[in-house]
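Each remark here refers to the structure printed beneath this line.
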Amino acid sequence: MDHPQTPRILAPHLQSFQHKLVRMLGKVVQLRGETAVIDAGGNVDIILNRDCHLTPNHAVEIIGKVDGNLRVKVLTATDFGTNIDFDAANAVVEATHRYREIFYDAD
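Going by this note's numbering, the first residue of the sequence shown is number 2, and it counts up by one from there.
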């Protein structure tokens, strides 16, 4: 079975991934009803689904689709708690883009 690719990205990569499925790890900084803001190398607006249960100041990994306004519509969200080294996680993301041919197909 072929699984869709979900390249790991940070806020600065959003523009390059419009209308694509992505994976982001960020810290929940604000909850606003059906939307939220996460800090993933910069603030990112995310559009929640009814299965999302985010906690402020917790790390969350989201898989979702980037829309034309650079918001991410969440398909799944996983709470990673508070014990995350974001510097290390962000370094992994940067490496996946530096050596993208190993991690995902460029369109």
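Don't be surprised by glycine CBs; every beta carbon is placed ideally from N, CA and C.
Residues of its chain near residue i, where Cβ-Cβ distance is below 7 Å and the 5 sequence neighbours each way are ignored
i	result
Y105	Q6, P8
A37	V29, Q31, I47, L49, L55
V94	R9, I10, L11
C53	V75, A78
Extent of the continuous alpha helix (DSSP H) to which residue i belongs
i	result
N91	87 to 99
Cβ neighbours of residue i in the same chain (closer than 6 Å, five flanking residues each side left out)
i	result
I85	A60
L26	E62, A90
T97	R9, F104
L15	V67, L71
The beta strand (DSSP E) enclosing residue i, as first and last residue numbers
i	result
Q31	22 to 33
D40	36 to 40
F81	73 to 82
N70	It is not in any beta strand (DSSP E) - N70 carries neither H nor E in the DSSP assignment.
I47	44 to 48
Residues near residue i by beta carbon distance below 8 Å, same chain, minus five either side
i	result
T83	N58, H59, A60
D80	H54, L55, T56, H59, A60, V61
P13	G42, G43
F18	P8, I10, V67
Beta carbon of residue i nearer than 9 Å to that of residue j
i	j	result
I39	I64	no
V45	L71	yes
V73	H20	no
Those residues which DSSP pairs with residue i across a bridge
i	result
I63	M25, A78
R9	R24
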